[in-house]
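J.: According to numbering that gives the first Met the number 0, the sequence shown is numbered sequentially starting from 0. Note that the Cβ used here is the ideal one computed from N, Cα and C, for glycine as well.
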Amino acid sequence: MGSYNWNSNGTQRIDCRGMTLMPGLIDAHLHLSWNNAAGVEPINMMPIEEHTLVCVEMAKLLLDSGFTAGRGALRPNLGWM
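The following block contains the structure:
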């Protein structure tokens, strides 16, 4: 986009004239830990490994839905934190 000449070896130019360029969506309030549990307690009781897998699964779902960034704050109960 713009008039700067970005051509260099290996650069591929894509002609987007007449098209709309839309960045990925950002979810500013998400809960990657949320797995439709009945409350927060079951999530807090998950082993860290399971909690990590749930977060990865939810992140993939968001990415597949067009979200490319997000922010959330829930964490597993690690006991020492």
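Considering only residues of the same chain and omitting the five flanking positions on each side of isoleucine 25, which have a CB-CB separation below 6 Å?
T.: Ala68
J.: Inspect the CB distances between the region 8-25 and the region 60-67 and report whether three or more fall short of 8 Å.
T.: Between the region 8-25 and the region 60-67 there are three or more inter-stretch CB-CB distances shorter than 8 Å, so the stretches are counted as touching.
J.: For methionine 17 and cysteine 54, what's the separation of their Cα atoms in angstroms?
T.: First, the amino acid is wrong: residue 17 is glycine here, not methionine. Rounded to whole angstroms, glycine 17 to cysteine 54 spans 38 Å at the Cα level.
J.: Could you pull the start and end residues of the beta strand (DSSP E) that aspartate 26 belongs to?
T.: Run containing aspartate 26: 24-26, per the beta strand (DSSP E) assignment.
J.: Decide if histidine 50 is buried, meaning its Cβ has at least 16 other Cβ atoms within 10 Å, or exposed.
T.: Classification of histidine 50: buried, given that the 10 Å Cβ count is 16 or more.
J.: Assign threonine 19 to one of three DSSP states: helix, strand, or coil.
T.: coil
J.: Take leucine 29 and list the residues in its own chain whose beta-carbon comes closer than 6 Å to its own, dropping the five residues that flank it on each side.
T.: Gly69, Gly71
J.: Distance, Cα to Cα, lysine 59 vs alanine 36?
T.: 19 Å
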